[in-house]
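K.L.:
Chains as they are written, first to last, in the working numbering: chain W, 36 to 373; chain R, 36 to 373.
Note that beta-carbon positions come from the ideal geometry of N, C-alpha and C, so glycine has one too.
The model shown is predicted, which means the values in this text are computed figures rather than measured ones.
2 protein chains.
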Amino acid sequence: MATIADVAQAAGVSISTVSYALSGKRSITAETRTRVLAAADALGYLPHASARMLAANRSQIIAVSEPVHADTDDAAHMAFAMETTKVARAHNFDTLLLVHDDALEGMRRSAATQLADGIVVLDVDVDDARVPLARTLACPTVFVGIPADTAGLICVDLDFEAAAREAVDRLVDAGHRQIGLISHRPETLERGSNFPLRFRDAFLARCDERGVAHAVVHPNGHTADGSVRRLLERLPDLDGIVLSTTPDVASSLSAILATRELVVPRDVSVIAAGVSFSTARFAVPFDTMPLDAHASCAAAVDLLVQAIDGGDRSPRIVLLPPAYIDHGSVLARATPPD
Amino acid sequence: MATIADVAQAAGVSISTVSYALSGKRSITAETRTRVLAAADALGYLPHASARMLAANRSQIIAVSEPVHADTDDAAHMAFAMETTKVARAHNFDTLLLVHDDALEGMRRSAATQLADGIVVLDVDVDDARVPLARTLACPTVFVGIPADTAGLICVDLDFEAAAREAVDRLVDAGHRQIGLISHRPETLERGSNFPLRFRDAFLARCDERGVAHAVVHPNGHTADGSVRRLLERLPDLDGIVLSTTPDVASSLSAILATRELVVPRDVSVIAAGVSFSTARFAVPFDTMPLDAHASCAAAVDLLVQAIDGGDRSPRIVLLPPAYIDHGSVLARATPPD
DNA sequence: CCGCATCGTCGAAGCGCTTCGAAAGAGGCG
DNA sequence: CGCCTCTTTCGAAGCGCTTCGACGATGCGG
Chain W
36 MATIADVAQA AGVSISTVSY ALSGKRSITA ETRTRVLAAA DALGYLPHAS
86 ARMLAANRSQ IIAVSEPVHA DTDDAAHMAF AMETTKVARA HNFDTLLLVH
136 DDALEGMRRS AATQLADGIV VLDVDVDDAR VPLARTLACP TVFVGIPADT
186 AGLICVDLDF EAAAREAVDR LVDAGHRQIG LISHRPETLE RGSNFPLRFR
236 DAFLARCDER GVAHAVVHPN GHTADGSVRR LLERLPDLDG IVLSTTPDVA
286 SSLSAILATR ELVVPRDVSV IAAGVSFSTA RFAVPFDTMP LDAHASCAAA
336 VDLLVQAIDG GDRSPRIVLL PPAYIDHGSV LARATPPD
Chain R
36 MATIADVAQA AGVSISTVSY ALSGKRSITA ETRTRVLAAA DALGYLPHAS
86 ARMLAANRSQ IIAVSEPVHA DTDDAAHMAF AMETTKVARA HNFDTLLLVH
136 DDALEGMRRS AATQLADGIV VLDVDVDDAR VPLARTLACP TVFVGIPADT
186 AGLICVDLDF EAAAREAVDR LVDAGHRQIG LISHRPETLE RGSNFPLRFR
236 DAFLARCDER GVAHAVVHPN GHTADGSVRR LLERLPDLDG IVLSTTPDVA
286 SSLSAILATR ELVVPRDVSV IAAGVSFSTA RFAVPFDTMP LDAHASCAAA
336 VDLLVQAIDG GDRSPRIVLL PPAYIDHGSV LARATPPD
């Protein structure tokens, strides 16, 4: 491997001149710069990563902490890790993957050894062990998700509350009067995954505000079977369903409604909200307010880079407004006669 | 952050003594070692990653190259990247994630800058651009998957050929006479994904050897709809199906067979082989020979660490024998009267 | 014509660690 | 008692880079 000394020799200049010519941190004559760049190019020179890290006190590495809980959607996780990596590259950072139990310990390690310049924390629980840890680290950290106690943290997430409100509003505005929410499985909520709670609570509040009959169910298995049954028990004239659940449950919904002679959107309107999968390939695609991995990760990395490069570590919560993708699964109801 | 000098001072020894006490590369009296360890502990000392990398000429980082093609299964990719990371940690390596277009360029970069000590290449195509690149790199590289030209490479994969043969053998041995293979979507094969080809070819060869009627279909959409229709056109008495396909296609199979009054395993036996998803939660679970991410990645990382630490870079192909998980989806057929 | 900025380049220090060679001390043997 | 060996520890070099201070050269104004 060629070193900066080789380039310097080839270009007939000093080592520091090469460094400045390549970094642009001091002015260099155009002619000298050209010579240096040519030499670097000819030698295929790339700076030795660890030497650069040591001297510059910067690793250009972002750690990504991703615990991967058994009950969460692998494909969604993948998307977040990948998007974080992609966006980080655009900022000239590489990403280090910290998974499973090392999601926690790895944060401490990569911060203490200064392996990472910053950390992105994914799959955040309400009561996440990584929250107190992050507070003790010298290393800037951004959470994708909102834990219970956000004091001192930088957090980014879809505005699940706004999404829940918009879902309710759209259904109510279109004349729906009995709205059910199919949420996540009970174990997901018990573990303390944060967004299902936020979504559910906002859903309940908005339904109350709008004065509409409503019910919330949590699927027990991997289909919407029991959820639909329980919704219909509580809302016999169910005309709207909001989905904030897993892809397997969502994809089974149309068929299960069909067994009860219910057709989407003829009899029941459906909106999927805060979901990280697409319903476009479902037999009946649903209107969707997606949990957009790219948007969340881009925002997170932007904030992190700002903290690293710009030194702006002031705590804040950034909520991303939901987008609405129309697939025609919401049908206006005739206003019931007073 | 505490440095090795701080530890040395606290323990009342020299820097090199601390280094040797911690690394164990030279003998140190028990008493001195204890003192050093105590001091390191008290100060919360962890060696500065880049300083250590620079001095030791070792990064303890493995790059993971994962292009993520649009037509491939996100959850499966996730599993491979995660498992690689997990196994790497057990060897005291961290993993750097290289995705999308950077899967290729990142390999060059992390090798040239010596950011990575080795590379694991995932999601390998038959004609993968990363193959010729790997040959030019100084950095040891292990492929998870078998490209067309394996000259000079270290590769690990499930023995798809053996899996195909075993699937055919099990069906034929159980008296099946018309066996269909539902393979991957045409675009997956066109892109040159390597294992579907290997599996299909071995399937065809074994069916010929065993003298059994057979057909191969490639699903067009995301269900097994058309595949089943085309199989039945060509094999009117279809009694066995081998699945080497995507989870969406596989999960739709039972229901689609049901529309034709075909029940698994009463009328048709099914074996899923070389798949990275579980069929355990399907309405009818299938016998499965899994593509085990953990096994593949563990083997890959072992080989890579051997190459890095042990200097053993001799090219080789390691094929992992398939396991067979019985879910009762294969039913012995009465031998037809001669 | 001299002094003073300004510009482009250079030399050297230093980032925190590993590792080599050597020094110092301990112990055994003739 | 001296010599040699072995063990334990130390000092210093060096990994490849960034960056600071300085130095010579050039250009300008007084």
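For chain R, is any of its Cβ atoms less than 8 Å away from the one on residue 36 of chain W?
P.N.:
One-based indexing of the first sequence puts residue 36 of chain W at position 1. True, the Cβ-Cβ gap to chain R drops below 8 Å.
K.L.:
My parser needs the alpha helix (DSSP H) runs of 4 or more residues fully inside the stretch 180-246 of chain R; what are they?
P.N.:
195-208, 221-226, 229-245
K.L.:
Nearest to residue 358 of chain R by CA position, among R/81, R/198, R/59, R/365, is which residue?
P.N.:
Start at 1 with the first residue of the second sequence, and residue 358 of chain R comes out as number 323. For the residues R/81, R/198, R/59, R/365, the minimum Cα distance to residue 358 of chain R belongs to R/198.
K.L.:
Roughly how far, in whole angstroms, is the beta-carbon of residue 365 of chain R from the beta-carbon of residue 206 of chain R, given that I think they are within contact range, below 8 Å?
P.N.:
Working through the second sequence from its first residue, we reach residue 365 of chain R at position 330. Working through the second sequence from its first residue, we reach residue 206 of chain R at position 171. Residue 365 of chain R to residue 206 of chain R, Cβ: 7 Å. Contact.
K.L.:
Mind pulling the chain R residues with CB within less than 7 Å of residue 388 of chain W?
P.N.:
Because chain W in this structure spans residues 36 to 373, residue 388 of chain W falls outside the shown range and cannot be described.
K.L.:
So, are the CB atoms of residue 141 of chain R and residue 343 of chain R less than 8 Å apart?
P.N.:
Translated into the one-based positions of the second sequence, residue 141 of chain R becomes position 106. Translated into the one-based positions of the second sequence, residue 343 of chain R becomes position 308. It is not a contact, given that the beta carbons lie outside the stated cut-off.
K.L.:
Sorted by chain position, which residues of the same chain lie with C-beta nearer than 6 Å to residue 234 of chain W's C-beta, five sequence neighbours on each side aside?
P.N.:
Residue 234 of chain W sits at position 199 when you count from the first residue of the first sequence. So the qualifying residues of the chain are 195, 199, 279, 309.
K.L.:
Please identify, using Cβ separations under 8 Å, the residues of the stretch 140-151 of chain W that lie next to chain R, in order along the chain.
P.N.:
141, 144, 145, 147, 148, 149, 150
K.L.:
Anything in the stretch 82-95 of chain W with a Cβ closer than 7 Å to a Cβ of chain R? List those residues in chain order, please.
P.N.:
82, 83, 84, 85, 86, 88, 89, 94
K.L.:
Against chain W, with Cβ distances strictly below 8 Å, would residue 198 of chain R count as a contact?
P.N.:
For the purposes of this step, residue 198 of chain R is taken as the residue at position 163 of the second sequence. Output row for residue 198 of chain R: interface = no.
K.L.:
Spatial neighbours of residue 101 of chain W within its chain, please: CB distance less than 8 Å, with the 5 preceding and 5 following residues excluded, ordered by chain position.
P.N.:
Residue mapping note: residue 101 of chain W aligns to position 66 of the first sequence, counting from 1. Around residue 101 of chain W: 112, 115, 116, 132, 133, 134, 138, 157, 158.
K.L.:
Check each residue of the stretch 302-327 of chain W: if its Cβ is closer than 8 Å to any Cβ of chain R, include it; give the result in chain order.
P.N.:
316
K.L.:
Are there 16 or more other CB atoms within 10 angstroms of the CB of residue 229 of chain W, so buried, or fewer, so exposed?
P.N.:
In the first sequence, counting from the first residue as 1, residue 229 of chain W sits at position 194. Residue 229 of chain W is buried by the Cβ-count criterion.
K.L.:
If you draw a straight line from the alpha carbon of residue 73 of chain W to that of residue 143 of chain R, how long is it in whole angstroms?
P.N.:
Within the first sequence, the letter at position 38 stands for residue 73 of chain W. Within the second sequence, the letter at position 108 stands for residue 143 of chain R. The straight-line gap from Cα to Cα measures roughly 20 Å.
K.L.:
So what does residue 156 of chain R bridge to, in DSSP terms?
P.N.:
Locating residue 156 of chain R in the second sequence gives position 121, counting from the first residue. Bridge partners of residue 156 of chain R: R/100, R/178.
K.L.:
In chain order, what residues of the stretch 37-48 of chain R put their CB closer than 7 Å to some CB of chain W?
P.N.:
none
K.L.:
For the alpha helix (DSSP H) containing residue 132 of chain R, name the first residue and the last one.
P.N.:
Residue mapping note: residue 132 of chain R aligns to position 97 of the second sequence, counting from 1. Here residue 132 of chain R belongs to no alpha helix (DSSP H); instead the beta strand (DSSP E) covers 129-134.
K.L.:
Do the stretch 344-356 of chain R and the stretch 295-308 of chain R make contact, defined as three or more Cβ pairs closer than 8 Å?
P.N.:
No: fewer than three Cβ pairs fall under 8 Å.
K.L.:
By DSSP's criteria, residue 108 of chain W is part of a beta bridge. Which residues make up the other side?
P.N.:
Sequence index remark: in the first sequence, residue 108 of chain W carries index 73 (1-based). Answer is none; residue 108 of chain W lacks a bridge partner.
K.L.:
With a cut-off of 8 Å on the beta carbons, I'd call residue 252 of chain W and residue 218 of chain W a contact; round off their distance for me.
P.N.:
On the first sequence, residue 252 of chain W is found 217 positions in, with the first residue counted as 1. On the first sequence, residue 218 of chain W is found 183 positions in, with the first residue counted as 1. Confirmed, Cβ separation roughly 7 Å.
K.L.:
Taking the alpha-carbon of residue 192 of chain R as reference, which of R/326, R/340, R/43 has the nearest alpha-carbon?
P.N.:
The residue labelled residue 192 of chain R in the question sits at position 157 within the second sequence. Comparing C-alpha distances from residue 192 of chain R to each of R/326, R/340, R/43 shows the shortest one belongs to R/326.
K.L.:
Of the choices W/208, W/351, W/295, whose alpha-carbon is the least far from that of residue 241 of chain W?
P.N.:
Numbered from its first residue, the first sequence carries residue 241 of chain W at position 206. Among W/208, W/351, W/295, the Cα nearest to that of residue 241 of chain W belongs to W/208.
K.L.:
If you check the beta carbons only, do residue 71 of chain R and residue 57 of chain R fall under 8 Å apart?
P.N.:
Along the second sequence, one-based indexing puts residue 71 of chain R at 36. Along the second sequence, one-based indexing puts residue 57 of chain R at 22. Yes.
K.L.:
Residue 132 of chain W CB to nearest chain R CB: under 8 Å?
P.N.:
Along the first sequence, read from residue 1 onward, the residue named residue 132 of chain W stands at position 97. Answer yes: the Cβ-Cβ gap between residue 132 of chain W and chain R drops below 8 Å somewhere.
K.L.:
Please report the Cβ distance between residue 307 of chain R and residue 285 of chain R, rounded to the nearest whole angstrom; I am assuming they are in contact, meaning their Cβ atoms lie under 8 Å.
P.N.:
The residue given as residue 307 of chain R occupies position 272 in the second sequence. The residue given as residue 285 of chain R occupies position 250 in the second sequence. That pair is a contact at about 6 Å.
K.L.:
Counting only Cβ-Cβ distances shorter than 8 Å, please list the residues of the stretch 110-132 of chain W near chain R, keeping chain order.
P.N.:
110, 112, 113, 114, 116, 117, 120, 121, 124, 129, 130, 131, 132
K.L.:
Taking only the alpha-carbon atoms, compute the straight-line gap between residue 373 of chain W and residue 238 of chain W and give it to the nearest angstrom.
P.N.:
Position 338 of the first sequence, counted from the start, is the residue given in the question as residue 373 of chain W. Position 203 of the first sequence, counted from the start, is the residue given in the question as residue 238 of chain W. With a pLDDT of 49 at residue 373 of chain W, under the threshold of 50, the predicted position of this residue should be treated as unreliable, though the coordinate-derived value follows. Between residue 373 of chain W and residue 238 of chain W, the C-alpha separation is close to 26 Å.
K.L.:
Would residue 83 of chain W and residue 149 of chain R qualify as a contact pair, given that the criterion is a beta-carbon distance under 8 Å?
P.N.:
Against the first sequence, residue 83 of chain W aligns to sequence position 48. Against the second sequence, residue 149 of chain R aligns to sequence position 114. Yes, they are a contact pair.
K.L.:
Strictly by DSSP, which residues pair up with residue 324 of chain R?
P.N.:
For the purposes of this step, residue 324 of chain R is identified with residue 289 of the second sequence, where counting begins at 1. DSSP output for residue 324 of chain R lists R/308 as bridge partner(s).
K.L.:
So what does DSSP say about residue 303 of chain W, is it helix, strand or coil?
P.N.:
Working through the first sequence from its first residue, we reach residue 303 of chain W at position 268. Note: residue 303 of chain W maps to coil in three-state DSSP.
K.L.:
Thinking residue 123 of chain W and residue 97 of chain W are a contact (beta carbons under 8 Å), I'd like their distance in whole angstroms, please.
P.N.:
Position 88 of the first sequence, counted from the start, is the residue given in the question as residue 123 of chain W. Position 62 of the first sequence, counted from the start, is the residue given in the question as residue 97 of chain W. At roughly 5 Å, the Cβ-Cβ gap stays under 8 Å, so residue 123 of chain W and residue 97 of chain W are in contact.
K.L.:
Please state whether the Cβ-Cβ distance between residue 329 of chain W and residue 226 of chain W is less than 8 Å.
P.N.:
The count along the first sequence starts at 1 and reaches residue 329 of chain W at position 294. The count along the first sequence starts at 1 and reaches residue 226 of chain W at position 191. The answer is no: Cβ separation not under 8 Å.
K.L.:
Return the CA-CA distance between residue 292 of chain R and residue 315 of chain W, expressed in angstroms with no decimal places.
P.N.:
The sequence position of residue 292 of chain R within the second sequence is 257, counting from 1. The sequence position of residue 315 of chain W within the first sequence is 280, counting from 1. When rounded, the distance between both Cα atoms is 24 Å.
K.L.:
At the 8 Å Cβ level, is residue 103 of chain R part of the contact set with chain W, yes or no?
P.N.:
Working through the second sequence from its first residue, we reach residue 103 of chain R at position 68. Yes, residue 103 of chain R lies at the interface with chain W (some Cβ there is under 8 Å from its Cβ).
K.L.:
Does the separation of the CB atoms of residue 312 of chain R and residue 110 of chain R fall below 8 Å?
P.N.:
Within the second sequence, residue 312 of chain R is the residue found at index 277, counting from 1. Within the second sequence, residue 110 of chain R is the residue found at index 75, counting from 1. Residue 312 of chain R is a Cβ neighbour of residue 110 of chain R, given a cutoff of 8 Å.
K.L.:
Below 8 Å on the Cβ atoms is my contact criterion, and I expect residue 287 of chain W with residue 88 of chain R to pass it. Report the Cβ-Cβ distance as a whole number of Å.
P.N.:
Residue 287 of chain W sits at position 252 when you count from the first residue of the first sequence. Residue 88 of chain R sits at position 53 when you count from the first residue of the second sequence. Their Cβ separation, rounded to whole angstroms, is 50 Å, which puts residue 287 of chain W and residue 88 of chain R out of contact at 8 Å.
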